[in-house]
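Report on the following structure.
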Amino acid sequence: LHLPCIAFRVTAVKRSRAQDQEIYEVKADGLHDLLVTTKDKLIQFSSRRPTMQTFLLIRPWNRYLLELPDFAEPSELEELSDVADNTQSEEGRWSPPRSPLQDSPGGFSEAQESVDLELSGRLGALRLAARLEQPFSAFLLARQRGGEYKRIASDHNIIAQVKDLSSIPDMIRTLEIL
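Mapping of the sequence shown onto this note's numbering: position 79 corresponds to residue 80, and the numbering continues sequentially without gaps.
This is how it looks when you write it as structure tokens:
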């Protein structure tokens, strides 16, 4: 499985005391510290006691982050096809319907349309940033000898929250999962 995701490198794992559960305090670059409960025994490590194995906490990429629609139902596709047929330009490419204001002498200028597109892009980026700052269910992965990753099962959802949005562009990857 090739999984597009945002990957946060785990920098420390420390076991907490619990009677019948393995609870670990986990630190990762770009995330607030969190707890992981698992039946698996994790290698404890920190910057002072490093490990050779790489661990990641990941947020799988999904269409919702970019506000992309889900796949349309067949009836919706027919409606979209009808709309597309009615809104094609002379060159055969889709173009949005024109406003009567655009055709009037005092209508929108190309500069105004450019400003509107830029503003729309900035608003989309702000909405994406707001979504990325929300807590999310993360997966804990351990790198295997062949370079692929294996998920470590957790007894509870691993709820993580981004601490530093500025580092996210460098963390977007596609991982091979066993």
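For glycine and all other residues, C-beta sits at the position ideal for the given N, C-alpha and C.
Rounded C-alpha distance that separates THR39 from ARG60
19 Å
Does the separation of the CB atoms of THR12 and ASP34 fall below 7 Å?
no
Can you find a C-beta in chain C that's less than 7 Å from the C-beta of ARG144?
In the structure shown, chain C does not exist; there is a single protein chain.
Beta-carbon gap between ILE159 and ALA139 smaller than 7 Å
yes
Beta carbon of LEU142: closer than 6 Å to some heavy atom of the ligand SAH?
No copy of the ligand SAH occurs in the structure displayed, which carries no ligand at all.
Minimum C-alpha distance to ASP21 - residue among GLU149, PHE137 and ASP156
ASP156
Can you tell me the Cα-Cα spacing of TRP62 and ARG50, whole angstroms?
32 Å
State buried or exposed for TYR65, treating a residue as buried only when at least 16 other CB atoms are found within 10 Å of its CB.
exposed
Simplified DSSP assignment, three categories, for LEU32:
strand
Taking all protein chains shown into account, decide if ALA8 is buried (16 or more other Cβ within 10 angstroms of its Cβ) or exposed.
buried
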